[in-house]
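*Asks:* Residue numbers (the numbering used here), protein chains in the order written: chain A, 15 to 262; chain B, 15 to 262. Every residue, glycine too, gets a C-beta built ideally from N, C-alpha and C. Please read all numbers here as calculations on a predicted model, not as lab measurements.
The following block contains the structure:
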């Protein structure tokens, strides 16, 4: 039996998943000796560019498909057209179609894979502006390259696709805004996550995994717990254990 | 081309590598888009029990051998005979022989694999005692189940094997004791690592990886950086990129 794996597919919010208190690291810790957490996060990528990776990252003919995959895009797709990050902009209808194709492809890879769509977090425009000034000083753009309103539209579109496709979703955009002070509590530059923001993502992901029957405490440990090993005859403890999980 | 992987093989000090500021999480973050960090840590295990896992975790016939593996045992082997954790005790000569066999097996798996031996950290006996009292109150054992002296002997034995086998090592036992206040700065219960202790392990591992030519900045990113993507013709950016790294 091979070790289960969870794949985190997304943009910088996923690429950073092993930073301080990162949601990916927390997930890897919760599922230690149960599943590997593999990060496939690509900073700055929108869904249009991510589509070029899809079949490379998730080949149909792999020996072991992921048990679960999170799809966490939108923050770059929603960058506004005509502003400084317009290169990353993807029209909302194309964004939806790309998400649809991603989910479809993963469902073909494995009909039993848990696929979770995560919307982008809210945008704190003042935080983005302060960040731009810290980088470019007086040359910083005067108009926001991302707005919370646009973020909300893309988040709604993501939820719409999840419902259409019948897969679970996390509406991070609305969830985070339920908490007073979300602007700086959860976001460090108006877009990327603080340790507290990472904790929100982790809690929401765990909730969806639990509801799908993938809670860590229901999954078997690989190899016996040390307290179950007979020190006088350790070999017997390992022979009894049927759950051997080689690397791949 | 498949994604490179680093495997962390060890006891609880490895199993916990994705906890807060964990050395495994920091490694995964440093090598994002370059290598997967897979934890194979087994809390409470000594090298004798770990030998039963070796061929399962590191099969000879896998499609992709790890690029690097850390071997981080000793904390349980060095538990004293005749004390409360004697079940975990492994005589020092057997500990050495087990480490030797692990290195030999990995060298057969891949002659080019970077194999790093890590000694156990020092033991703060007062911290162990306080921890036992917190768990068992008055029933806590009166005599330490681990001593710093024994830990030092096992650490020396580990270094000896590394030199004999010609592989790099990290003498965590001596390294940590160079810092004043190591007892509680680096250890949370006299044995397991605090966030600061994890940072020491991470820094030492990175140093060895760098010296072996595996520093993150020398390894290629998978797929182009977003700034290199031509928004008018993204396909061309992905065709040029030869470093496609499917999941396995």
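#1: Am I right that residue 171 of chain B and residue 106 of chain B are in contact with their C-beta atoms under 8 Å? What's the rounded C-beta distance?
#2: How long is the line joining the alpha carbons of residue 191 of chain B and residue 228 of chain A, rounded to whole angstroms?
#3: Can you tell me which of the three DSSP states residue 26 of chain A falls into?
#4: With a cut-off of 8 Å, does the C-beta of residue 34 of chain A fall near any C-beta of chain B?
#5: In chain B, which residues lie with their C-beta within 7 Å of the C-beta of residue 243 of chain A?
#6: Using the Cα positions of residue 236 of chain B and residue 77 of chain B, report the straight-line distance between them to the nearest angstrom.
#7: Taking the alpha-carbon positions, what's the residue 70 of chain A to residue 173 of chain A distance?
#8: If you draw a straight line from the C-alpha of residue 209 of chain B to the C-alpha of residue 108 of chain A, how long is it?
#9: Would you mind sorting residue 16 of chain A into buried or exposed? The rule is 16 or more other CB atoms within 10 Å of its CB.
#10: By the criterion of Cβ-Cβ separation under 8 Å, what are the contact partners of residue 55 of chain A in chain B?
#11: Checking contacts by CB at 8 Å: is residue 101 of chain B closer than that to chain A?
#12: Does DSSP put residue 262 of chain A in a helix, in a strand, or in coil?
#13: Quick check: is any heavy atom of the ligand GTP less than 7 Å from the C-beta of residue 242 of chain B?
#14: For chain B, is any of its Cβ atoms less than 8 Å away from the one on residue 120 of chain A?
#15: Would you call the region 21-29 of chain B and the region 21-35 of chain A in contact, with 3 or more CB pairs under 8 Å?
#16: Would you report the Cα separation of residue 261 of chain A and residue 214 of chain A, rounded to the nearest angstrom?
#17: Can we say the region 216-224 of chain A touches the region 152-171 of chain A, given the rule of at least three CB pairs closer than 8 Å?
#18: If the cut-off is 7 Å on Cβ atoms, which residues from the region 152-164 of chain A count as contacting chain B, listed in chain order?
#19: For residue 242 of chain B, count neighbouring Cβ atoms within 10 angstroms of its own Cβ and tell me buried if that reaches 16, exposed if not.
#20: Please report the distance separating the alpha-carbon of residue 74 of chain B from that of residue 82 of chain B.
#21: Quick one: Cα of residue 223 of chain B to Cα of residue 142 of chain B, how far?
#22: With residue 166 of chain B as the anchor, note down where its alpha helix (DSSP H) starts and where it stops.
#23: So what's residue 231 of chain A in DSSP terms, helix, strand or just coil?
#24: Could you tell me the distance, in whole angstroms, from the CA atom of residue 111 of chain B to the CA atom of residue 162 of chain B?
#25: Which stretch, first to last residue, makes up the beta strand (DSSP E) that contains residue 51 of chain A?
*Replies:* Working from what's here:
#1: 5 Å
#2: 42 Å
#3: helix
#4: yes
#5: 63
#6: 19 Å
#7: 26 Å
#8: 43 Å
#9: exposed
#10: 46 and 47
#11: yes
#12: With a pLDDT of only 45 at residue 262 of chain A, under 50, the local geometry of the prediction cannot be trusted, and the value read off the model is given with reservation. Here residue 262 of chain A sits in coil by DSSP.
#13: As for the ligand GTP, it is missing from this structure, which has no ligand bound.
#14: no
#15: no
#16: Only weak support is given to the placement of residue 261 of chain A: the predicted model assigns it a pLDDT of 49, under 50, and the value that follows is read from those uncertain coordinates. If you take the alpha carbons of residue 261 of chain A and residue 214 of chain A, they lie about 31 Å apart.
#17: no
#18: none
#19: exposed
#20: 15 Å
#21: 32 Å
#22: 162-179
#23: helix
#24: 22 Å
#25: 49-55
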